[in-house]
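With our numbering applied, the sequence shown covers 103 to 338. We put the CB at the ideal spot given by N, CA and C, even for glycine. Please read the structure below before turning to the comments.
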Amino acid sequence: MDKLEIDFEEKVNTGIPGLDELLEGGLIQRSSVLLRGNAGTGKTIFAMHYLVHGALNGEPGVLLSIEEKKKDLYREGARFGWDLESLEEDGRLAIIERQSSYSITIHELERMAKSIGAKRAVIDSVPALFTSYPNELQVAEWRSAFHLLCQVLTESCGCTTILITEAGWSKQFPFEEYVPKGVIELSFKMMEGKARKFLLISKMREMRHSKSLHLYEITGKGFTLFRPNKFQRGGM
Ligand SMILES: Nc1ncnc2c1ncn2[C@@H]1O[C@H](COP(=O)(O)OP(=O)(O)OP(=O)(O)O)[C@@H](O)[C@H]1O
Ligand SMILES: [Mg+2]
103 MDKLEIDFEE KVNTGIPGLD ELLEGGLIQR SSVLLRGNAG TGKTIFAMHY
153 LVHGALNGEP GVLLSIEEKK KDLYREGARF GWDLESLEED GRLAIIERQS
203 SYSITIHELE RMAKSIGAKR AVIDSVPALF TSYPNELQVA EWRSAFHLLC
253 QVLTESCGCT TILITEAGWS KQFPFEEYVP KGVIELSFKM MEGKARKFLL
303 ISKMREMRHS KSLHLYEITG KGFTLFRPNK FQRGGM
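Spelled out as structure tokens, the structure:
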């Protein structure tokens, strides 16, 4: 049998403090990862952090934002010191809003990703994308449409892709976690009367990743994971 060659250099840094070390250095280049969480867990901020880190380090990115308008994202990004508008003007970031049809949206995403040489992509969010064009796709077509979306972004465009989804959506869309290479879950848990936020890498093919719950916070600098024992030490 041929020896399996693994290129450990082919990793994409998320730029999120504490996360890359749990992923043996980062996400696998040109893979797709599902980012799932309840409302308000910080999925959009996670994705912006990932894209801005890439944009500032020579890896342009494209964001498909179905429900949030570009100007709202500019304003939200500014709260973390991220000048999304300037990054767009420089061709290091492209934010695409919902277009008039599903196929035009996907076409526009691919066109824009190629035109700026994007290496990173984010869909915010998969449920919003599929439900905003209810008459264009039947449930039975969703799996192949989802597969095609991942293929276009990772293979045709060469982007390492984050697909944002909602907790509970997999009941309607049970295959969404089987198509991407990895699944990262964000959740709240009540501890000592306070809602704490936790990240879990529940799946990451081809990787020996952490399987613990990791406490995270959203601060003025974006998304940050704490070391596993931070909370137990009473540091938070
Ligand atoms: N500057 C900040 N400092 C601390 N926490 C913040 C700050 N800005 C936002 N947050 C937290 O981030 C949450 C919103 O983050 P985000 O919009 O990324 O969530 P989301 O998971 O994308 O939500 P949705 O499912 O509604 O799209 C807020 O509910 C708040 O708890
Ligand atoms: Mg969001």
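Just so you know, the alpha carbons of R245 and T256 end up roughly 16 Å apart.
Shortest gap from the CB of I147 to any heavy atom of ligand 1: under 7 Å. Judged by the Cβ position, D174 fails to qualify as a neighbour of ligand 2 at the 7 Å threshold, every heavy atom of the ligand being at least this far. For M214, the uninterrupted alpha helix (DSSP H) segment begins and ends at 204-217. Residue burial is scored here from C-beta neighbours: G183 has fewer than 16 other C-beta atoms within 10 angstroms and is therefore classed as exposed. When the five nearest sequence neighbours on each side are left out, no beta carbon in the same chain lies closer than 6 Å to the beta carbon of F275. Taking C-beta atoms as the reference points, E287 and S304 count as a pair closer than 8 Å.
The region 165-172 makes contact with the region 221-228; the number of CB pairs closer than 8 Å reaches 3 or more. Sequence-distant partners of S312 (beyond 5 residues in either direction) whose C-beta falls short of 7 Å from its own C-beta, in its chain, are L124, I303. Beta-bridge partners assigned by DSSP to L255: none are found.
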